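Below is one structure; the comments refer to it alone.
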Amino acid sequence: MTVFIIRRVMQSILVLFVMSLLVFVGVYAIGNPVEIFVAADADQAERARVIAALGLDKPLWEQYLLFIRNAVMGDLGKSFVFNQPALGLILQRMPATLELAFTAMVIALALGIPLGMYAGFRPQSRIAKAIMAGSILGFSLPTFWVGLMLIMVFAVELGWLPSTGRGATAEVFGIETSLATWDGLSHVLLPALNLALFKLSLVIRLTRAGMRENMLMDYVKFARAKGLTMRRVVFVHVLKNIMIPIVTVVGLELGSVIAFAVVTETVFAWPGMGKLIIDSINNLDRPVIVAYMLITVTMFIVINLVVDVLYSVLDPRVRLADMKG
Amino acid sequence: MATVIERDGIEVVPAAPAEAPFRRFVAEFAESRLAVVALVVLAMIIVAALAAPLISPQDPYDLNQLDILDGRLPPGAESAAGFTFWLGSDDQGRDMLSAILYGLRISLGVGVMSAVIAVLIGTAAGLAAAYFGGRIDTLIMRIVDIQLSFPAILVALILLAVLGQGTGKIIVALVTVQWAYYARTVRGTALVERGKEYVEAARCLALGHGRILFRHLLPNCLPPLIVVATVQVAHAIALEATLSFLGIGLPITEPSLGLLIANGYEYMMSGKYWISFFPGVALLITIVSINLVGDQLRDVLNPRLRK
Chain A
643 MTVFIIRRVM
653 QSILVLFVMS
663 LLVFVGVYAI
673 GNPVEIFVAA
683 DADQAERARV
693 IAALGLDKPL
703 WEQYLLFIRN
713 AVMGDLGKSF
723 VFNQPALGLI
733 LQRMPATLEL
743 AFTAMVIALA
753 LGIPLGMYAG
763 FRPQSRIAKA
773 IMAGSILGFS
783 LPTFWVGLML
793 IMVFAVELGW
803 LPSTGRGATA
813 EVFGIETSLA
823 TWDGLSHVLL
833 PALNLALFKL
843 SLVIRLTRAG
853 MRENMLMDYV
863 KFARAKGLTM
873 RRVVFVHVLK
883 NIMIPIVTVV
893 GLELGSVIAF
903 AVVTETVFAW
913 PGMGKLIIDS
923 INNLDRPVIV
933 AYMLITVTMF
943 IVINLVVDVL
953 YSVLDPRVRL
963 ADMKG
Chain B
140 MATVIERDGI
150 EVVPAAPAEA
160 PFRRFVAEFA
170 ESRLAVVALV
180 VLAMIIVAAL
190 AAPLISPQDP
200 YDLNQLDILD
210 GRLPPGAESA
220 AGFTFWLGSD
230 DQGRDMLSAI
240 LYGLRISLGV
250 GVMSAVIAVL
260 IGTAAGLAAA
270 YFGGRIDTLI
280 MRIVDIQLSF
290 PAILVALILL
300 AVLGQGTGKI
310 IVALVTVQWA
320 YYARTVRGTA
330 LVERGKEYVE
340 AARCLALGHG
350 RILFRHLLPN
360 CLPPLIVVAT
370 VQVAHAIALE
380 ATLSFLGIGL
390 PITEPSLGLL
400 IANGYEYMMS
410 GKYWISFFPG
420 VALLITIVSI
430 NLVGDQLRDV
440 LNPRLRK
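Quick mapping for you: the protein sequence lines, in order, are chains A and B. My numbering puts the first residue of the first sequence at 643, with every later residue one more than the last. My numbering puts the first residue of the second sequence at 140, with every later residue one more than the last.
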């Protein structure tokens with residue numbers, strides 16, 4: 643067990659190293675770092691200061707070490723557009739993204755599990771077929787286009803919900819969240835629904851498959867023979883069993899929801915990390931781009947590490963297979 | 140199932156009567172009417188995309204044919220010159236139907252092009268991993284695992300942020316995102332195939348590595364590869380549209396469906412839905428029909444499901 647964790651941690655550190663090297667090469671070797679870290683309208687003195695600060699007169703490996711040292715110390719340069727440290731800027735936008743991702747996940751589960759259970763319980767019914775056709779659409783529809791259509795229908799045509807931006811926030815347990823105010827909730831609903839669509843289809847399919855599999859099991863027949871109502875068998879016994887794969891997959895998908903928030907945030911002008919990175923790419927605000935790359939890559943490596951370790955705790959077979967390899 | 144004849148204590152299964160494999164394939168594919176419809180629709184889309192300059196009512200990028208006064212006309216409206224905009228017009232007075240046909244050309248082109256390159260790279264890597272095993276296998280599969288642990292959109296985003304915009308660059312990004320899927324698929328199949336007798340026989344004949352890999356192993360790895368490739372082309376088209384919509388994909392000189400949708404975004408708020416709506420529908424129909432064809436191919440080519 644310990645050996646497995648150590649190996650995984652070592653691998654993560656290696657990946658982090660390779661990624662930082664790639665970002666470094668991408669920024670320093672392909673592009674001209676002076677152009678990258680100095681705004682186009684900077685004067686000669688500013689240029690000289692940056693060249694000295696980045697150590698561009700030193701050999702390449704020394705430059706890399708300097709880059710890493712600055713990154714570890716949280717100094718990733720200042721945004722040209724906001725004139726703030728890039729790192730702080732991203733951390734400041736992170737709660738909005740996490741809030742959106744969290745709401746989307748809740749929607750996917752709250753709608754997906756009941757729909758999937760119904761589709762698995764009566765697979766031949768018309769409603770079940772409609773649900774499954776809907777889930778195929780959910781996989782095929784491009785997220786950004788669905789977002790546009792949601793804005794068109796609910797914000798422009800019907801005028802029920804606001805189209806863009808984040809609403810009023812309120813503080814709950816020390817966290818600023820828009821989920822605590824009505825205005826905030828009305829703003830988060832459309833983007834969260836948009837982001838949830840893909841995961842919703844996934845949850846429906848998983849739940850349906852689990853439902854169909856479990857309904858044929860002996861324990862269901864036994865519980866029915868004992869005289870339990872169908873309702874109790876489905877909602878207590880079967881539900882518990884289908885939750886296991888759903889929880890694992892949802893945990894794994896959380897990272898991809900955060901990554902896909904880039905699209906939803908751009909469509910709904912949601913002030914999160916994703917919108918920030920797209921704006922930064924379009925404005926050539928490179929310190930923010932570099933900071934975003936390093937932060938998200940680190941975040942994903944940590945998520946993957948945690949998932950791997952948890953998995954090996956839950957399922958010893960994973961660990962054994964790895965040790966053999 | 141053929142009858143089993145016992146001869147000298149060894150079971151001999153007489154070969155099944157020769158049946159044209161392609162015919163059987165077609166017959167099995169046609170079992171799903173939905174898949175056939177999807178295939179027909181897909182064929183029509185491809186023909187329409189290829190023939191766009193011939194069949195589109197207007198050359199949408201010839202400025203002489205555009206009149207700014209025809210801008211943002213709703214679907215079915217007629218211009219002063221008597222030209223009917225069946226799907227409306229955009230802000231430049233461009234016929235949306237023509238723009239969509241030209242956009243399909245670019246979207247399909249980029250999607251197919253990146254898939255072809257990714258198939259070549261992924262197949263080579265997967266075959267090498269399975270055939271040589273050992274360290275090469277570990278190295279290649281670790282890279283694949285690590286890459287697949289990041290969401291596709293994130294990998295593409297980072298690459299494009301570093302490389303910048305351009306048609307070649309977006310193809311590089313799409314290939315980077317996709318090759319790992321092919322490598323994993325091919326390796327999985329090739330590992331199973333490698334243990335079979337015909338490979339052993341080829342080795343006994345002292346055939347070269349290259350010959351065994353490409354003439355013996357590769358053809359037997361094709362069915363799952365074809366299935367993955369179909370689904371991946373749909374993914375590539377969707378991803379390209381997403382990246383182009385975000386403004387970091389194709390340049391404005393290559394107006395794919397994603398760019399057309401992005402172009403209509405600002406007019407959406409004033410209720411002029413058609414500029415974004417119809418390119419999206421075209422994108423949707425393309426992706427859904429590819430996915431339906433892919434689903435049926437998977438069922439037909441999967442030996443486990445064969446009756």
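In this text, a Cβ means the ideal position worked out from N, Cα and C, and glycines have one as well. Predicted model, so just to flag it, every value in this text is computed and none were measured.
Endpoints, alpha helix (DSSP H) assigned at residue i
i, result
"Asp860 of chain A", "Asp860 to Ala867"
"Leu896 of chain A", "Leu881 to Phe910"
"Met715 of chain A", "Per DSSP, Met715 of chain A belongs to no alpha helix (DSSP H) and is neither H nor E."
"Leu105 of chain B", "The first residue shown for chain B is 140 and the last is 446, placing residue 105 of chain B beyond what the model contains."
"Thr849 of chain A", "Trp824 to Met857"
"Gln317 of chain B", "Thr306 to Arg333"
"Val878 of chain A", "Val878 of chain A -> no alpha helix (DSSP H), and no H or E assigned at all."
"Ile755 of chain A", "Ala728 to Phe763"
"Ala289 of chain B", "It should be pointed out that residue 289 of chain B corresponds to Phe in this sequence rather than to Ala. Unbroken run through Phe289 of chain B: none, as it is neither H nor E."
"Val665 of chain A", "Thr644 to Phe666"
"Leu436 of chain B", "Trp413 to Leu440"
"Asn925 of chain A", "Met915 to Asn925"
"Gly403 of chain B", "Leu396 to Met407"
"Ala188 of chain B", "Arg172 to Leu189"
"Tyr200 of chain B", "That residue, Tyr200 of chain B, is in no alpha helix (DSSP H); it is neither H nor E in DSSP."
"Pro362 of chain B", "Leu357 to Phe384"
"Arg808 of chain A", "Element bounds for Arg808 of chain A: n/a, residue is neither H nor E."
"Val165 of chain B", "Pro160 to Phe168"
"Glu336 of chain B", "Glu336 to Cys343"
Nonlocal neighbours in the same chain, by C-beta distance under 7 Å from residue i, ignoring five residues either side
i, result
"Thr315 of chain B", "Val294 and Leu298"
"Met407 of chain B", "Ser415"
"Pro804 of chain A", "Ala797, Ser828 and His829"
"Val904 of chain A", "Gly916, Ile919 and Ile920"
"Lys720 of chain A", "Gln726, Pro727, Ala728 and Pro929"
"Val949 of chain A", "Gly893 and Leu894"
"Met774 of chain A", "Ala761"
"Met661 of chain A", "Val939"
"Ala377 of chain B", "Ile426"
"Thr328 of chain B", "Cys360 and Pro363"
"Gly967 of chain A", "Because Gly967 of chain A carries a pLDDT of 46, less than 50, the predicted location of this residue cannot be relied on, and the following value inherits that uncertainty. Here the set comprises nothing."
"Lys446 of chain B", "In this predicted model, Lys446 of chain B has a pLDDT of only 45, less than 50, meaning its place in the structure is not dependable; the value taken from the coordinates is given anyway. Result list for Lys446 of chain B: empty, nothing under 7 Å."
"Trp802 of chain A", "Phe796"
"Ala770 of chain A", "Tyr760, Ala761 and Arg764"
"Gly250 of chain B", "Val372, Ala375, Ile376 and Glu379"
"Ile275 of chain B", "Ala267 and Ala268"
"Thr849 of chain A", "Gly754, Ile755, Gly758, Met759, Gly762, Ile884 and Ile888"
"Val951 of chain A", "Ile647 and Arg650"
"Tyr337 of chain B", "His355"
"Thr806 of chain A", "Phe910 and Ala911"
"Thr369 of chain B", "Ile429, Val432, Gly433 and Leu436"
Own chain, CB closer than 6 Å to residue i, minus 5 neighbours either side, in chain order
i, result
"Ala322 of chain B", "Gly261, Ala264, Gly265 and Val283"
Expected contact under 8 Å - CB spacing of residue i and residue j to nearest Å
i, j, result
"Leu842 of chain A", "Gly754 of chain A", "5 Å"
"Gly403 of chain B", "Asp234 of chain B", "With a Cβ gap of about 14 Å, Gly403 of chain B and Asp234 of chain B do not count as contacting."
"Asp927 of chain A", "Val723 of chain A", "5 Å"
"Val175 of chain B", "Ala169 of chain B", "6 Å"
"Gln286 of chain B", "Ala319 of chain B", "5 Å"
"Leu173 of chain B", "Leu344 of chain B", "Not quite, the Cβ-Cβ distance comes to about 46 Å (not below 8 Å), so this is no contact."
"Tyr412 of chain B", "Met794 of chain A", "5 Å"
"Leu658 of chain A", "Ile943 of chain A", "6 Å"
Beta-carbon proximity list for residue i, same chain, < 8 Å, skipping 5 on both sides
i, result
"Pro390 of chain B", "Gln304, Gly305 and Thr306"
"Leu742 of chain A", "Val830, Pro833, Ala834, Leu837, Ala903, Thr906, Glu907, Trp912 and Gly914"
"Leu663 of chain A", "Tyr706"
"Ile310 of chain B", "Val249, Met252, Ser253 and Ile256"
Closer than 8 Å at the beta carbon, the chain C residues around residue i
i, result
"Ala772 of chain A", "This model lacks chain C altogether; the protein chains it does include are A and B."
Flag this pair as touching only if the region 748 to 758 of chain A and the region 365 to 374 of chain B have three or more C-beta atom pairs under 8 Å; answer yes or no. At 8 Å Cβ cutoff, the stretches do not touch.
How do the region 414 to 429 of chain B and the region 781 to 792 of chain A stand: do at least 3 beta-carbon pairs fall below 8 Å, yes or no? yes
Could you say if the region 242 to 254 of chain B and the region 186 to 202 of chain B meet the contact criterion of at least three C-beta pairs nearer than 8 Å? yes
Specify whether the region 268 to 281 of chain B and the region 328 to 346 of chain B touch according to this definition: at least 3 beta carbon pairs, one from each stretch, less than 8 Å apart. Counting C-beta pairs closer than 8 Å gives three or more between the region 268 to 281 of chain B and the region 328 to 346 of chain B, which meets the contact rule.
Counting Cβ pairs closer than 8 Å, one from the region 700 to 711 of chain A and one from the region 860 to 871 of chain A, do we hit at least three? no
In chain order, what are the residue ranges of uninterrupted beta strand (DSSP E) at least 3 long that sit wholly in the region 762 to 789 of chain A? Whole beta strand (DSSP E) segments, 3+ residues: zero.
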